[in-house]
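Novice: full-length UniProt numbering applies: residue 1 is where the sequence shown begins, and numbers increase by one.
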Amino acid sequence: MLDLAALLEDSARRYPERDALVLGEARLTYAQFDAYANRIAHLLVSRGVEPGDKVALSCPNVLEFPIVYYGILKAGGVVVPLNILLKGREIAYHLADSEAKLYFCFEGSPELPIAEYAIAGFEQSETCSALIVISAEPGAPSSILGVETLGEALASVSGTETPAAAVVREPTDTAVILYTSGTTGKPKGAELTHCNMVLNALSTNRLFESVPSMHERYLLTLPLFHSFGQTVTMNAGICVGATLVLMPRFDATAALEIMEREKISVFAGVPTMYWGLLGVLDEVVKFGVDIETVAQNMRCAISGGAALPVEILTQFRERFGVQILEGYGLSETSPLALFSDPESDPRPRFDRRADLGRRSAACR
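(1) Quick check for students: name the residue ranges of the beta strand (DSSP E) that lie wholly in the stretch 62-135, counting only runs of 3 or more.
(2) Which of the three DSSP states is assigned to Ser58 in this structure?
(3) Entirely within the stretch 162-225 and at least 4 residues each: give me those alpha helix (DSSP H) ranges in chain order.
(4) Would DSSP call Ser142 helix, strand or coil?
(5) List the endpoints of the continuous alpha helix (DSSP H) containing residue 453.
(6) I'd like to know whether the C-beta atoms of Gln323 and Leu308 end up nearer to each other than 8 Å.
(7) With DSSP run on the structure shown, which of helix, strand or coil describes Arg261?
(8) Please confirm whether Ser58 and Ile114 have their CB atoms less than 8 Å apart.
(9) What span of residues does the beta strand (DSSP E) with Phe267 cover, start to end?
(10) Provide the residue span of the beta strand (DSSP E) that contains Asp251, from first to last.
(11) Which of the three DSSP states, helix, strand or coil, is assigned to Ser227?
(12) Please report the residue range of the beta strand (DSSP E) in which Leu28 lies.
(13) CA-CA distance, Phe316 and Glu326?
(14) Taking Cβ to Cβ, would you say Val270 is nearer than 8 Å to Gly304?
(15) Kindly indicate the opening and closing residues of the beta strand (DSSP E) around Ala301.
(16) For Ser158, does the count of other Cβ atoms within 10 angstroms reach 16, so buried, or fall short, so exposed?
(17) Closest to Leu154 by C-alpha separation, out of Val294, Arg39, Ala26 and His194, would be which residue?
(18) Three or more beta-carbon pairs under 8 Å between the stretch 19-33 and the stretch 235-248, yes or no?
(19) For Leu7 and Arg14, what's the separation of their Cα atoms in angstroms?
(20) Please return the same chain residues whose Cβ sits closer than 7 Å to the Cβ of Asp34, not counting the five positions on each side in sequence.
(21) For residue 370 and Gly229, I'd like the C-alpha separation in whole angstroms.
(22) First and last residue of the beta strand (DSSP E) that includes Thr233?
(23) Could you tell me whether the stretch 185-194 touches the stretch 88-102, using the rule of 3 or more Cβ pairs below 8 Å?
(24) How many angstroms separate the CA atom of Glu90 from the CA atom of Met214?
(25) Within a Cβ cutoff of 7 Å, which residues of the same chain sit near Ala75, ignoring the five residues on either side of it in sequence?
(26) Using 8 Å as the threshold, is the C-beta distance between Val62 and Leu28 below it?
(27) Could you please give the first and the last residue of the uninterrupted alpha helix (DSSP H) stretch that includes Asp19?
(28) Going by other Cβ atoms of all chains shown within 10 Å of its Cβ, with 16 needed for buried, is Phe320 buried or exposed?
(29) Is the distance from the Cβ of Leu4 to the Cβ of Pro81 below 8 Å?
(30) Are Asn297 and Ile258 closer than 8 Å when you measure CB to CB?
(31) Relative to the C-alpha of Ala254, which candidate in Lys54, Val310 and Leu219 has its C-alpha closest?
(32) Can you tell me which residues form a DSSP beta bridge with Thr243?
(33) Just how far apart, CA to CA, sit Ile144 and Leu85?
(34) In chain order, what are the residue ranges of uninterrupted beta strand (DSSP E) at least 3 long that sit wholly in the stretch 33-58?
(35) Under a Cβ-count criterion, where at least 16 other Cβ atoms within 10 Å of its own Cβ denotes burial, should Gly52 be classed as buried or exposed?
(36) From residue 411 to Ser340, what distance separates their C-alpha atoms?
Laid out in structure tokens, this is it:
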């Protein structure tokens with residue numbers, strides 16, 4: 001069935017004890033991930049969310065992003081991921097334009113007070129009826145007077161980890177609304193169907209030659225509110241029962257340490273991330289990071305978001321033994337549209353920068 005929520009349910013059924021989400025020392029199996037998403041779905045249904053209702057989400061790459069994302073889908077809702085850098089007036093516009101009925105936002109930090117901006121935007125919204133804050137420390141009381149935390153909200157639906165009543169969604173129903181950058185005016189919401197998102201995840205795995213039996217281990221450092229990180233790493237990884245290692249903010253040294261410790265096999269990033277990794281290789285060796293181990297575990301590297309300089313492609317292949325696959329996409333295409341063919345990509349030898357690659361099977 002072309003239902004995006006089914007990706008998680010299928011992997012939870014096949015690999016219940018396999019690690020699904022990792023953040024630092026915290027680990028959730030696929031069974032636990034699915035159970036938490038079910039609780040979110042029950043919470044939303046109890047708050048009056050009906051199939052087709054939009055639910056906004058402002059959250060960095062922490063455990064709660066995929067949990068809330070799939071919980072919304074399980075309730076039959078439409079996920080509206082928002083950039084965590086948006087300010088109050090911008091959030092108010094997105095909530096009104098998407099007609100979001102409920103809004104989840106991460107608490108944030110002193111440097112990036114996401115909840116503070118979220119409250120300012122929520123108070124200006126006429127359509128959004130509820131705001132729920134995701135605490136940085138699970139179970140912690142709300143740091144904002146009068147604002148409900150996710151822990152407090154879930155306490156009202158405790159013991160509801162079993163699947164909610166089946167919500168039938170058609171392949172052509174909207175699953176996610178991704179907002180564009182708004183370079184020619186205000187940001188516009190691209191409505192992506194369940195069919196769009198599922199086929200894009202499947203096509204991604206076909207290109208990467210990923211199958212469930214391989215037990216891939218992805219490093220998720222690309223923002224999950226963006227189409228690249230959301231489809232190419234999160235949804236594609238869940239589709240094959242991969243272990244998703246979350247990294248809220250990219251740091252090249254920390255990324256290499258995580259790659260070694262968690263035996264990362266798939267990494268996706270923008271060109272500047274690859275420059276960062278290559279630039280600290282000599283430094284991290286002093287800290288005990290074994291680059292050879294990182295290279296042995298690395299099976300697939302993906303780049304997008306900007307043109308990939310040939311120098312990066314060549315140097316990365318020399319140091320890690322992996323050729324970076326370069327893709328091109330749009331929010332409107334879920335996002336994968338074109339991808340380089342590693343068997344015929346001639347750029348390391350002839351520098352043919354204009355070759356965008358093959359059309360994705362999911363892009364018609």
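Glycine included, every Cβ here is placed at the ideal spot set by N, Cα and C.
Specialist: Straight from the coordinates:
(1) As far as the stretch 62-135 is concerned, its whole beta strand (DSSP E) runs of at least 3 residues are 78-82, 100-106 and 130-134.
(2) Position 58 of the sequence shown, counted from the start, is the residue given in the question as residue 58. Three-state DSSP puts Ser58 in a strand.
(3) 194-208
(4) For the purposes of this step, residue 142 is taken as residue 142 along the sequence shown, with counting starting at 1. In this structure, Ser142 counts as coil in the three-state DSSP scheme.
(5) What the structure shows of the chain is the stretch from 1 to 364, and residue 453 is not part of that stretch, so it cannot be assessed.
(6) Position 323 of the sequence shown, counted from the first residue, corresponds to residue 323. Position 308 of the sequence shown, counted from the first residue, corresponds to residue 308. No, these two residues do not count as a Cβ contact at 8 Å.
(7) The sequence position of residue 261 within the sequence shown is 261, counting from 1. Arg261: helix per DSSP, three-state reduction.
(8) By one-based count along the sequence shown, residue 58 stands at place 58. By one-based count along the sequence shown, residue 114 stands at place 114. Judged by beta-carbon spacing, Ile114 lies within the 8 Å limit of Ser58, meaning their Cβ atoms are closer than that value.
(9) The residue labelled residue 267 in the question sits at position 267 within the sequence shown. Start and end: Val266 to Gly269.
(10) If you number the sequence shown from 1, residue 251 lands on position 251. It is not in any beta strand (DSSP E) - Asp251 carries neither H nor E in the DSSP assignment.
(11) The sequence position of residue 227 within the sequence shown is 227, counting from 1. Collapsing the DSSP output to three states places Ser227 in a helix.
(12) Counting from 1 along the sequence shown, the entry for residue 28 is found at position 28. Element bounds for Leu28: Ala26 to Thr29.
(13) The count along the sequence shown starts at 1 and reaches residue 316 at position 316. The count along the sequence shown starts at 1 and reaches residue 326 at position 326. Spanning the two alpha carbons is a distance of roughly 13 Å.
(14) Within the sequence shown, the letter at position 270 stands for residue 270. Within the sequence shown, the letter at position 304 stands for residue 304. In contact: Val270 and Gly304 (Cβ atoms closer than 8 Å).
(15) Position 301 of the sequence shown, counted from the start, is the residue given in the question as residue 301. Ala301 -> beta strand (DSSP E) spans Cys300 to Ser303.
(16) Position 158 of the sequence shown, counting from 1, holds the residue named residue 158. The residue is exposed, with fewer than 16 neighbouring Cβ atoms inside 10 Å.
(17) Along the sequence shown, one-based indexing puts residue 154 at 154. The shortest C-alpha separation from Leu154 is found at Arg39.
(18) yes
(19) For the purposes of this step, residue 7 is taken as residue 7 along the sequence shown, with counting starting at 1. For the purposes of this step, residue 14 is taken as residue 14 along the sequence shown, with counting starting at 1. Taking the straight line from one Cα to the other gives about 11 Å.
(20) In the sequence shown, residue 34 corresponds to position 34, counting from 1. Excluding sequence neighbours, Asp34 sits near Leu8, Glu9 and Ala12.
(21) Limits of the chain in this structure are 1 at one end and 364 at the other, which puts residue 370 out of reach.
(22) Translated into positions along the sequence shown, residue 233 becomes position 233. Segment: none, Thr233 is in no beta strand (DSSP E) and carries neither H nor E.
(23) Short answer: they touch.
(24) Position 90 of the sequence shown holds residue 90. Position 214 of the sequence shown holds residue 214. Their backbone Cα atoms lie some 42 Å apart in a straight line.
(25) On the sequence shown, position 75 is the one that residue 75 refers to. Contacts found: Ala41, Leu44, Val45, Val49, Ala164 and Val167.
(26) Position 62 of the sequence shown, counted from the first residue, corresponds to residue 62. Position 28 of the sequence shown, counted from the first residue, corresponds to residue 28. No, the pair does not count as a contact, with Cβ atoms beyond the cut-off.
(27) As a position in the sequence shown, residue 19 is number 19, starting the count at 1. Run containing Asp19: none in the alpha helix (DSSP H); it sits in the beta strand (DSSP E), Asp19 to Leu23.
(28) Here residue 320 corresponds to residue number 320 of the sequence shown, with the count starting at 1. Around the beta carbon of Phe320, 16 or more other beta carbons lie within 10 angstroms, which makes this residue buried.
(29) Here residue 4 corresponds to residue number 4 of the sequence shown, with the count starting at 1. Here residue 81 corresponds to residue number 81 of the sequence shown, with the count starting at 1. No; because the gap between Cβ atoms is not below 8 Å, this pair is not in contact.
(30) Working through the sequence shown from its first residue, we reach residue 297 at position 297. Working through the sequence shown from its first residue, we reach residue 258 at position 258. Cβ atoms of Asn297 and Ile258: not closer than 8 Å.
(31) Within the sequence shown, numbered from 1, the residue matching residue 254 stands at position 254. If we check each option's Cα against that of Ala254, Leu219 comes out closest.
(32) For the purposes of this step, residue 243 is taken as residue 243 along the sequence shown, with counting starting at 1. Answer is Arg217, bridged to Thr243.
(33) In the sequence shown, residue 144 corresponds to position 144, counting from 1. In the sequence shown, residue 85 corresponds to position 85, counting from 1. Roughly 19 Å between the two C-alpha positions.
(34) If we require 3 residues or more, the beta strand (DSSP E) runs fully inside the stretch 33-58 come out as 54-58.
(35) As a working mapping, residue 52 is identified with position 52 in the sequence shown. Flag for Gly52 reads exposed.
(36) No information on residue 411 is available, as it lies outside the stretch 1 to 364 that the chain covers here.
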